[in-house]
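Colleague: Before anything else, here's the structure in question.
Residue numbers (this note's numbering): 1241 to 1336.
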């Protein structure tokens, strides 16, 4: 869990790509964590019904500083675009 101290002054986004397998969410998270200043959390699925075709992950939360460099923002976009092109468009929502 990301601490409140780290979250202060950071941007947080919730990303969802329905039916994306757990392994791919983990792979995306691993790539994003390689970008300096980016932290990633994976939230488990909260559905009450089991479905083999539903992802085990409900959302991926990314945190990064407001002053993250343009270069690193472009890296985030490139990573998300790479997986989005293969698995479908990400639903991205800013968290407050």
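For glycine and all other residues, C-beta sits at the position ideal for the given N, C-alpha and C.
Please read these numbers as outputs of a predicted model, since none were measured by experiment.
So is residue 1304 buried or exposed if we call it buried at 16+ other beta carbons inside 10 Å?
Modeller: So residue 1304 ends up on the buried side.
Colleague: So the alpha helix (DSSP H) residue 1272 belongs to, where does it begin and stop?
Modeller: From DSSP, the alpha helix (DSSP H) with residue 1272 extends over 1262 to 1273.
Colleague: Tell me the DSSP secondary structure of residue 1314 in three-state form.
Modeller: Three-state DSSP puts residue 1314 in a helix.
Colleague: For residue 1262, count neighbouring Cβ atoms within 10 angstroms of its own Cβ and tell me buried if that reaches 16, exposed if not.
Modeller: So residue 1262 ends up on the exposed side.
Colleague: So the candidates are 1300, 1257, 1252, 1307; which of them puts its Cα closest to the Cα of residue 1283?
Modeller: Here the closest residue by C-alpha is 1300.
Colleague: Closest by CA to residue 1268, which one among 1317, 1336, 1334?
Modeller: It is 1317 whose Cα lies nearest to the Cα of residue 1268.
Colleague: Cβ of residue 1333 within 8 Å of Cβ of residue 1254?
Modeller: Result yes, Cβ atoms of residue 1333 and residue 1254 sit closer than 8 Å.
Colleague: Are there 16 or more other CB atoms within 10 angstroms of the CB of residue 1287, so buried, or fewer, so exposed?
Modeller: Per the 10 Å Cβ criterion, exposed.
Colleague: Ends of the beta strand (DSSP E) at residue 1298?
Modeller: Unbroken beta strand (DSSP E) run through residue 1298: 1297 to 1305.
Colleague: Assuming residue 1293 and residue 1259 make a contact with CB atoms under 8 Å, what is their CB distance in whole Å?
Modeller: Indeed they touch by this definition, with Cβ atoms about 6 Å apart.
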